[in-house]
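Chemist: Protein chains in written order, with this note's numbering: chain A, 647 to 1163; chain B, 266 to 461; chain C, 4 to 96.
Don't be surprised by glycine CBs; every beta carbon is placed ideally from N, CA and C.
After the structure tokens below, expect a handful of questions from me.
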Amino acid sequence: MIRWQLAYPETEIPLFGRPIGPDEYNAFVTMHGTIMVFFVAMPLLVAAMGNFLIPLMIGARDMAFPRLNMMSVWVLAVASLVLLASFFVEAGPAAAGWTGYPPLSARIEYTGVEYGLDLWILALALEFASFLMGGINFLVTPINLRTRGMSLFRLPLIVWMIMGASILFLLSVGPLIAGAVFLLLDRNLGTSFFLAEGGGDPLLWQHLFWFFGHPEVYVILLPAAGAMMEIISTFSRKTIFGYKSIIYAVMIAGVLSFLVWAHHQFISGLDPRLAMPFSITTILISVPFAFIIFSMLATMWGGSIWLTTPMWFAVGGLSVFIFGGVTGIFNGSAPVDIYIHDTYFVVAHFHSTLFSTVFLGGFAALYYWYPKMFGRMMNEFWGKVHFWGTYIFFLLVFVPMHLLGVGGMMRRIADPSKYEFVKELLPMNEFITVAAIGLLLIQAPFVFNFLGSMFVGKKASENPWDATTLEWTTPSPPPHGNWPGAIPAVHRPPYEYAVPGVSEEWLPQSRPEGAAS
Amino acid sequence: MNAGSASTPDAVEPSPVPAAKLGIWWFLASEVMVFGGALVSFILLRLVGPGWSEDLAHNSVALGSINTLILITSSFTIVEVLSAQKRGDEKKFRSFMGITIVLGLLFLVIKGVEYSAHFSEGLFPDKGLFWAFYFGLTGLHALHVLAGIVANASLLVVVSRPGGFARYSHRAEMNGLYWHFVDVVWIFLFPLLYLG
Amino acid sequence: MAAGEAHGPSNVIIWVYLVVLAILSVFVSSVFPAPADTIAVFALAIAKAVLVLLYFMHLRVEKIFIHSLFFIPLLLVVVLYVGLMPDIMRSMY
Chain A
647 MIRWQLAYPE TEIPLFGRPI GPDEYNAFVT MHGTIMVFFV AMPLLVAAMG
697 NFLIPLMIGA RDMAFPRLNM MSVWVLAVAS LVLLASFFVE AGPAAAGWTG
747 YPPLSARIEY TGVEYGLDLW ILALALEFAS FLMGGINFLV TPINLRTRGM
797 SLFRLPLIVW MIMGASILFL LSVGPLIAGA VFLLLDRNLG TSFFLAEGGG
847 DPLLWQHLFW FFGHPEVYVI LLPAAGAMME IISTFSRKTI FGYKSIIYAV
897 MIAGVLSFLV WAHHQFISGL DPRLAMPFSI TTILISVPFA FIIFSMLATM
947 WGGSIWLTTP MWFAVGGLSV FIFGGVTGIF NGSAPVDIYI HDTYFVVAHF
997 HSTLFSTVFL GGFAALYYWY PKMFGRMMNE FWGKVHFWGT YIFFLLVFVP
1047 MHLLGVGGMM RRIADPSKYE FVKELLPMNE FITVAAIGLL LIQAPFVFNF
1097 LGSMFVGKKA SENPWDATTL EWTTPSPPPH GNWPGAIPAV HRPPYEYAVP
1147 GVSEEWLPQS RPEGAAS
Chain B
266 MNAGSASTPD AVEPSPVPAA KLGIWWFLAS EVMVFGGALV SFILLRLVGP
316 GWSEDLAHNS VALGSINTLI LITSSFTIVE VLSAQKRGDE KKFRSFMGIT
366 IVLGLLFLVI KGVEYSAHFS EGLFPDKGLF WAFYFGLTGL HALHVLAGIV
416 ANASLLVVVS RPGGFARYSH RAEMNGLYWH FVDVVWIFLF PLLYLG
Chain C
4 MAAGEAHGPS NVIIWVYLVV LAILSVFVSS VFPAPADTIA VFALAIAKAV
54 LVLLYFMHLR VEKIFIHSLF FIPLLLVVVL YVGLMPDIMR SMY
């Protein structure tokens, strides 16, 4: 709907019945950002994968605090309901952008949104509480419940990634929680933490938000990258390139991610003395990520690649991520950023990094672990149709969007035809909208494949992909308590594929030392 | 849980810290960031602000000091709860936990007295930045105190049940760590909001 | 006292220290001149916090792992402070 408005301003939107006004447009953009980042990406990538995979991969019966876990699920459910409810209260949902910058968000009059924004803050607060509980679980479980022989450096990389994401989340969310409390007080009790006329400072919120916001990007990104690594190693039949170095790279990136937040604010009246250091850290942070990307490429190099659907998605995600990463460098340097900030270039940048990880990485993980979850295989043919459709339509949507950005089109404007210089970009907008609709439609085979395969899919064996990590040593789907008998002990690192001098092509982590060679 | 796992405990890699303690420390780490962010905002805005000595004068140093002493003392009593737990002294455990809860409630009552005094003087959170921060910070802290009281009270209830002491009393350490953290926050709030 | 506290001062003594420091900080803030009192009061507050952390929260006998769980966030708070400073202080000049 957002795209429709950009392509055909002031026309009726099919299925919606009427054109959307600027207020509603703002609300849609806000809710799209919030829902995607906090209510799709995080639950899917961090919570779902963490809860399902961590115990299976480390050889534990359950998470360390099962009751805390249940609580976090229910709190998340309530948070989602609160957010949905905000669509229906008087004056509509939050409309201050997903970053909720004051002064726009701090006074009811500024956006005309009444309870919607309060509900938005409330939903976020509940969601944070939920992930706080989840995050503690994701950290304590791998530290305390590893099976015999599973040393820290034998953990599959995705477990490391989820732990890294949890640490980043736990340490970055605090200031934002404080900020959210202040913002609620501003709105409801007339305080002025973030309003200049009362002595407050609107920049303060931006700092608090992005201090959380940038690590948050990695909270989403790391688990997806972890899933991609698992898949790429399995289907290249090769051990991952530079296992320990990847872990160290993630640690470095984690530390740096706390030092880059102000690059989101280069044009917010930031002190110029801050811009330079933040430019440098921003460009520095691309180094560990470049290393991670090259590890994945090197893993594929010379491997005997087995092109299954999860592998397609993983490789596709990697390629888009490289593209998104390169455009990030442009954003990183303050002088260029001042030109392109708040244009569609930025929108295209974060969509190509986040889309590649959240959706392509997420789909890869779903196709890969689906047999383990439901005990049946998904259909390969429709999976590939889904991949190619998604991939091509994605490129058709977001490559032109970069051009729009360089052409000067601003973010978050409701009616592009109101600006002269943006008008000439209208055909391109139309094109993007058509492609976006295609992107949506191509998800249909996935939905049918996902639901259908639960009933008619081929029965999955314990280990359909000939993978080495621990979750493939138990029946699919795993019984209650994860292993029917004793939990297997671990004797070797993950990813022992095609080890020289060994007759078997792959060695599960549970294979004892002597039995292999 | 199936028979195989119930009869023999699963072998796990040794861990440096028990799970519950690790969990509570992770939680405290994120709490440090919550209060850290709020205090940093306050200190910075205070440094650039016009100076709030007039507003500060409305706060009763006497009541604030009493509350400080109450929290410090309750921190002491909850440590005694822990050592009673280690000795297996059920009676001391319960009486010290009771004292801790009462002290926590007393803290909230005094806080409430202060709040009502402010309100009767017409000092609400929208009367300037200082009062915004004052109510924001102390309110947030008071909520933590309340949560601590609830946690302590529920521990006291389960421990008082027959057989409860053996099963649950080890949780006193987690309650203690949380309670001390709340105390430490107040140790910084007191000079910032009353003395500064 | 139990065997657990045999090493190091007992809880009562720590409590007495804390009370003395608290009274001292109130006294100092009312007696010392303007800039000195703030510094002194905060030094006393830090001393109190350290006492609680070391003895009541057992950091004194905890492992490095737990220490890092406390001090890394503290470091990040300092980072946040430094990062925010130029922006908010701008209004001073």
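Suppose contacts are defined by Cβ-Cβ distances below 8 Å. Is GLY363 of chain B in contact with ILE414 of chain B by that definition?
Modeler: Start at 1 with the first residue of the second sequence, and residue 363 of chain B comes out as number 98. Start at 1 with the first residue of the second sequence, and residue 414 of chain B comes out as number 149. The answer is no: Cβ separation not under 8 Å.
Chemist: Would you kindly report the start and end of the unbroken alpha helix (DSSP H) that includes GLY401 of chain B?
Modeler: Sequence index remark: in the second sequence, residue 401 of chain B carries index 136 (1-based). Where GLY401 of chain B is concerned, the enclosing alpha helix (DSSP H) stretches over 394-425.
Chemist: PHE904 of chain A versus chain C: which residues are under 8 Å apart at the beta carbon?
Modeler: Your numbering for residue 904 of chain A matches position 258 in the first sequence. Annotation: Cβ neighbours of PHE904 of chain A in chain C (cutoff 8 Å, chain order): LEU79 and VAL82.
Chemist: Going by DSSP in three states, VAL326 of chain B sits in which element: helix, strand or coil?
Modeler: As a position in the second sequence, residue 326 of chain B is number 61, starting the count at 1. VAL326 of chain B falls in the helix class under three-state DSSP.
Chemist: Is the Cβ of ALA9 of chain C closer than 8 Å to any Cβ of chain B?
Modeler: Sequence index remark: in the third sequence, residue 9 of chain C carries index 6 (1-based). Residue placement at ALA9 of chain C cannot be trusted, given a pLDDT of 44 that sits under 50; the coordinates are not used to answer.
Chemist: Judging by CA-CA distance, which residue of B:ILE331, B:PHE455, B:ALA284 and B:GLY302 is the nearest neighbour of TYR399 of chain B?
Modeler: What you label residue 399 of chain B is simply residue 134 of the second sequence in a count that begins at 1. Nearest C-alpha to TYR399 of chain B: B:PHE455.
Chemist: Using a cut-off of 8 Å between C-beta atoms, extract the partners of GLY301 of chain B located in chain C.
Modeler: The residue labelled residue 301 of chain B in the question sits at position 36 within the second sequence. Within chain C, the residues placing a beta-carbon under 8 Å from that of GLY301 of chain B are PRO76, LEU77, LEU79, VAL80 and LEU83, ordered along the chain.
Chemist: Within 10 angstroms of the Cβ of ALA397 of chain B, are there 16 or more other Cβ atoms? Answer buried if so, exposed if not.
Modeler: Numbered from its first residue, the second sequence carries residue 397 of chain B at position 132. Buried, since its Cβ has 16 or more Cβ neighbours within 10 Å.
Chemist: By the criterion of Cβ-Cβ separation under 8 Å, what are the contact partners of LEU87 of chain C in chain A?
Modeler: One-based indexing of the third sequence puts residue 87 of chain C at position 84. In chain order: LEU850 and HIS853.
Chemist: So what does DSSP say about ARG1022 of chain A, is it helix, strand or coil?
Modeler: Here residue 1022 of chain A corresponds to residue number 376 of the first sequence, with the count starting at 1. Assignment of ARG1022 of chain A by DSSP, reduced to helix, strand and coil, places it in the strand class.
Chemist: Would you call MET1047 of chain A buried or exposed, if buried means 16 or more other Cβ atoms sit within 10 Å of its Cβ?
Modeler: By 1-based counting over the first sequence, the position of residue 1047 of chain A is 401. By the neighbour-count rule (16 or more Cβ atoms within 10 Å), MET1047 of chain A is buried.
Chemist: Using a beta-carbon distance cut-off of less than 9 Å, what residues from the stretch 40-56 of chain C approach chain B?
Modeler: ASP40, THR41, VAL44, PHE45, LEU47, ALA48, ILE49, LYS51, ALA52, VAL55 and LEU56
Chemist: Which whole-angstrom value is the C-beta distance of ILE877 of chain A and LEU791 of chain A, which I expect to be below 8 Å?
Modeler: As a first step, residue 877 of chain A is located in the first sequence; it is residue number 231 there, counting from the start. As a first step, residue 791 of chain A is located in the first sequence; it is residue number 145 there, counting from the start. That belief does not hold up - the Cβ atoms of ILE877 of chain A and LEU791 of chain A are roughly 25 Å apart, past 8 Å.
Chemist: With a threshold of 16 other CB atoms inside 10 Å of the CB of ALA611 of chain A, please say whether the residue is buried or exposed.
Modeler: Residue 611 of chain A falls outside the range modelled here, since chain A spans only 647 to 1163, and no answer is possible.
Chemist: Can you find a C-beta in chain A that's less than 8 Å from the C-beta of LEU405 of chain B?
Modeler: Taking the first residue of the second sequence as position 1, residue 405 of chain B is located at position 140. At least one chain A Cβ lies under 8 Å of LEU405 of chain B.
Chemist: Relative to the alpha-carbon of LYS1104 of chain A, which residue among A:GLY859, A:ALA871 and A:TYR1016 has its alpha-carbon at the smallest distance?
Modeler: For this step, residue 1104 of chain A is matched to residue 458 along the first sequence. Nearest C-alpha to LYS1104 of chain A: A:TYR1016.
Chemist: With distances taken Cα to Cα, identify the nearest neighbour of PHE881 of chain A among A:ALA1135, A:LEU714, A:ALA775 and A:MET946.
Modeler: In the first sequence, counting from the first residue as 1, residue 881 of chain A sits at position 235. Cα-wise, what sits closest to PHE881 of chain A is A:MET946.
Chemist: If distances are taken between C-alpha atoms only, which option among A:LEU768, A:MET874 and A:PHE777 comes closest to LEU1006 of chain A?
Modeler: On the first sequence, position 360 is the one that residue 1006 of chain A refers to. Looking at the Cα atoms, A:MET874 is the closest of the given residues.
Chemist: So what's TRP1152 of chain A in DSSP terms, helix, strand or just coil?
Modeler: To locate residue 1152 of chain A, count along the first sequence from 1; it is residue 506. Strand.
Chemist: Would HIS70 of chain C be called buried (16 or more neighbouring beta carbons within 10 Å of its own) or exposed?
Modeler: For the purposes of this step, residue 70 of chain C is taken as residue 67 along the third sequence, with counting starting at 1. Burial call: exposed.
Chemist: Give every residue of the same chain whose Cβ lies closer than 8 Å to the Cβ of THR365 of chain B, excluding the five residues on either side of it in the sequence, and list them in chain order.
Modeler: As a position in the second sequence, residue 365 of chain B is number 100, starting the count at 1. Correct list, in chain order: SER339, THR342, ILE343, VAL346, ASN417 and TRP444.
Chemist: Where does VAL277 of chain B fall in DSSP's three states?
Modeler: Working through the second sequence from its first residue, we reach residue 277 of chain B at position 12. Strand.
Chemist: Going by DSSP, name the residue or residues bridged to THR793 of chain A.
Modeler: Taking the first residue of the first sequence as 1, we reach residue 793 of chain A at position 147. In DSSP, THR793 of chain A forms a bridge with B:VAL277.
Chemist: Of all Cβ atoms in chain C, is any one closer than 8 Å to the Cβ of ASP320 of chain B?
Modeler: As a working note, residue 320 of chain B is residue 55 in the second sequence. Chain C contact via Cβ: absent.
Chemist: What does PRO715 of chain A reach in chain B if we use C-beta pairs closer than 7 Å?
Modeler: Locating residue 715 of chain A in the first sequence gives position 69, counting from the first residue. Note that residue 715 of chain A is Asn in the sequence shown here, rather than Pro. Per Cβ cutoff of 7 Å: no residues; ASN715 of chain A is ~12 Å from chain B at best.
Chemist: Hey, is MET439 of chain B's beta-carbon within less than 8 Å of any beta-carbon in chain A?
Modeler: If you number the second sequence from 1, residue 439 of chain B lands on position 174. No, no contact with chain A.
Chemist: If contact is defined by three or more beta carbon pairs under 8 Å, each pair taking one atom from either stretch, is the stretch 768-777 of chain A in contact with the stretch 705-716 of chain A?
Modeler: no
Chemist: Do you know how far the Cα of ASN715 of chain A is from the Cα of LEU1188 of chain A?
Modeler: Past the edges of chain A, shown from 647 to 1163, lies residue 1188 of chain A, and the structure says nothing about it.
Chemist: Output yes if chain A places a C-beta closer than 8 Å to the C-beta of GLU379 of chain B; else output no.
Modeler: Residue numbering aside, residue 379 of chain B sits at position 114 when the second sequence is read from its first letter. Chain A places no beta carbon closer than 8 Å to that of GLU379 of chain B, leaving this residue out of the contacts.
Chemist: If we call anything under 8 Å between Cβ atoms a contact, is ALA824 of chain A one with LEU854 of chain A?
Modeler: Within the first sequence, residue 824 of chain A is the residue found at index 178, counting from 1. Within the first sequence, residue 854 of chain A is the residue found at index 208, counting from 1. Yes, Cβ-Cβ distance for ALA824 of chain A and LEU854 of chain A is below 8 Å.
Chemist: Tell me which residues share the same chain as TRP1129 of chain A and place their Cβ nearer than 7 Å to its Cβ, disregarding the 5 neighbours each side in the sequence.
Modeler: Locating residue 1129 of chain A in the first sequence gives position 483, counting from the first residue. Here the set comprises THR1120.
Chemist: Mind reading off the beta-carbon distance from PHE858 of chain A to VAL819 of chain A? Whole number of angstroms is fine, and I expect it under 8 Å.
Modeler: Reading the first sequence from its first residue, position 212 is the one you call residue 858 of chain A. Reading the first sequence from its first residue, position 173 is the one you call residue 819 of chain A. Between VAL819 of chain A and PHE858 of chain A the Cβ distance is about 5 Å, and since that is below 8 Å, they are a contact.
Chemist: Relative to the C-alpha of PRO701 of chain A, which residue among A:HIS1137, A:LEU778, A:PRO1154 and A:TRP1118 is closest?
Modeler: Within the first sequence, residue 701 of chain A is the residue found at index 55, counting from 1. Among A:HIS1137, A:LEU778, A:PRO1154 and A:TRP1118, the Cα nearest to that of PRO701 of chain A is on A:TRP1118.
Chemist: Taking 8 Å as the threshold (beta carbon to beta carbon), is GLU355 of chain B in contact with chain C?
Modeler: Position 90 of the second sequence, counted from the first residue, corresponds to residue 355 of chain B. Chain C contact via Cβ: absent.
Chemist: Any heavy atom of the ligand PLP closer than 7 Å to the Cβ of VAL374 of chain B?
Modeler: Here there are no bound small molecules, and the ligand PLP is not part of this structure.
Chemist: In the structure shown, what three-state DSSP assignment does GLU1142 of chain A receive?
Modeler: As a first step, residue 1142 of chain A must be located in the first sequence, where it is residue number 496. Correct three-state label for GLU1142 of chain A: strand.
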